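Notes follow the structure.
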Amino acid sequence: MLILTRRIGETLIGDNIQATVLGIKGSQVRIGIDAPKDVPVHCEENYERIRAGQLQDRALRR
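Be aware that the sequence shown starts at 1, since it is given in the working numbering, and climbs by one per residue.
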């Protein structure tokens with residue numbers, strides 16, 4: 001795992017994505033993600049729900 005320290009307003013940049021620290025309040029960090037529309041971006045808990053739903057859909061189709 002790569003660990004980087006960023007301050008408010010600083011950005012991490014990849015080939016097609018940028019993540020900017022927008023704010024910090026207590027133990028929460030607000031992050032803005034700028035990515036192409038064809039690149040899905042999800043928080044972990046939603047991604048897990050999406051994957052679980054896809055697995056259920058596949059099981060029902062069999």
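Every residue, glycine too, gets a C-beta built ideally from N, C-alpha and C. Small disclaimer: the values here were computed from a predicted structure and weren't measured.
For the region 38-56 against the region 23-30, are there 3 or more C-beta pairs whose distance is under 8 angstroms?
-> No, because fewer than three Cβ pairs between the region 38-56 and the region 23-30 fall closer than 8 angstroms, the two stretches do not touch.
The beta strand (DSSP E) with Gly23 in it runs from where to where?
-> Where Gly23 is concerned, the enclosing beta strand (DSSP E) stretches over Gln18 to Lys25.
Leu22 versus Glu44, Gly9, Met1 and Asp34, residue with shortest Cα-Cα distance | Per the Cα distances, Gly9.
Neighbourhood of Gln18 by C-beta, 6 angstroms cutoff - its chain only, sequence neighbours within 5 removed = Cβ within range, chain order: Thr11 and Asp34.
Helix, strand or coil: how does DSSP classify Arg49 here?
-> Arg49 sits in a helix when the DSSP states are folded into three classes.
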